[in-house]
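These notes concern the structure reproduced below.
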Amino acid sequence: MLDIYEVMKVLKHRYPFLLVDRIIECDTEHAVGYKNVTINEPFFQGHFPEEPVMPGVLILESMGQVGSIMAIAQADREYIKDQIVFLTGIDKAKFRKPVRPGDRIMIKAKMLKRRSTVGKARIEAFVDEEMIAEAEYLFFVAPTLQKQRMEE
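Numbers 66 to 217, taken from my numbering, label the letters of the sequence shown in order.
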């Protein structure tokens, strides 16, 4: 299990774009994580003040961040250091229900296929066990710019 401090050691994202609060399961083939949605999220100021709804693209981003943690997981429950996961495509994305302040999004990622540094994952998001979004993600894992500069 990764708490928020351990998530920040693995992901390069930071406020206001860190959209994963906890990982409860993770290996090279699957991951389960949470995003707690509060009224204090900066996007609710404009989306929409009278009817706050989490933007779909940020739900997809949260899902992708859980998938990213899975993509850099190793069999020994360690994470590849100095790596960053880039999104290369999203297929079959569907939104089924709005996400509102107070919701807790449970995100389940499953690796569909992987070859070296590229892969495809199916990721689903749930609130109260009801699916709210789903998509297939294509990704590429690369060394961070900082690591590349150190190797030069």
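Glycine included, each C-beta is placed from N, C-alpha and C at the ideal position.
Because the structure is a prediction, the values reported are computed rather than measured.
For residue i, which residues in the same chain have their Cβ closer than 6 Å to its Cβ, ignoring the five residues on either side in sequence?
| i | result |
| --- | --- |
| Leu67 | Ile88 |
| Phe191 | Met171 |
| Val97 | Ile89, Glu90, Lys173 |
| Ala198 | Ile124, Phe160, Ala190 |
| Asn107 | The identity of residue 107 in the sequence shown is Pro, whereas the question assumes Asn. Taken in chain order, the residues that qualify are Pro81. |
| Asp156 | Glu201 |
| Lys218 | Outside the shown range of the chain (66 to 217) lies residue 218, about which nothing can therefore be said. |
Cα separation between residue i and residue j?
| i | j | result |
| --- | --- | --- |
| Glu194 | Gln130 | 20 Å |
| Arg161 | Glu216 | 45 Å |
| Ile137 | Asp168 | 27 Å |
| Phe222 | His112 | Nothing can be reported for residue 222: it is not among the residues displayed for the chain, which extend from 66 to 217. |
| Pro163 | Leu123 | 12 Å |
| Thr209 | Leu76 | 11 Å |
| Glu143 | Met119 | 32 Å |
| Tyr70 | Ser181 | 28 Å |
Among the candidates the options, whose CA atom is the shortest distance from the CA of residue i?
| i | options | result |
| --- | --- | --- |
| Leu177 | Phe113, Ile104, Ala198, Ile188 | Ile188 |
| Glu116 | Met73, Glu199, Ile104 | Ile104 |
| Gln148 | Val206, Lys159, Pro163 | Val206 |
| Asp141 | Met196, Thr93, Ser127 | Thr93 |
| Phe82 | Cys91, Glu90, Val72 | Val72 |
| Lys175 | Met196, Thr182, Ala200 | Ala200 |
| Lys185 | Gly132, Lys146, Tyr144, Met196 | Gly132 |
| Phe121 | Ala158, Glu143, Ile134 | The sequence shown places Gly at residue 121, not Phe. It is Ala158. |
If you drop the 5 nearest sequence neighbours on each side, which residues of the same chain put their C-beta closer than 7 Å to that of residue i?
| i | result |
| --- | --- |
| Pro166 | Val102, Thr103, Ile104, Phe109, Pro117 |
Which same chain residues, not among the five before or five after residue i, have their C-beta less than 8 Å away from its C-beta?
| i | result |
| --- | --- |
| Gly154 | Tyr202, Leu203 |
| Lys100 | Leu84, Val85, Asp86, Ser127, Arg169, Ile170, Ile172 |
| Val183 | Thr153, Leu203, Phe204, Phe205, Val206 |
| Gln139 | Thr93, Ile145 |
Would you grab the beta carbon distance between residue i and residue j for me? Rounded to a whole angstrom, and I think it's under 8 Å.
| i | j | result |
| --- | --- | --- |
| Met135 | His95 | 7 Å |
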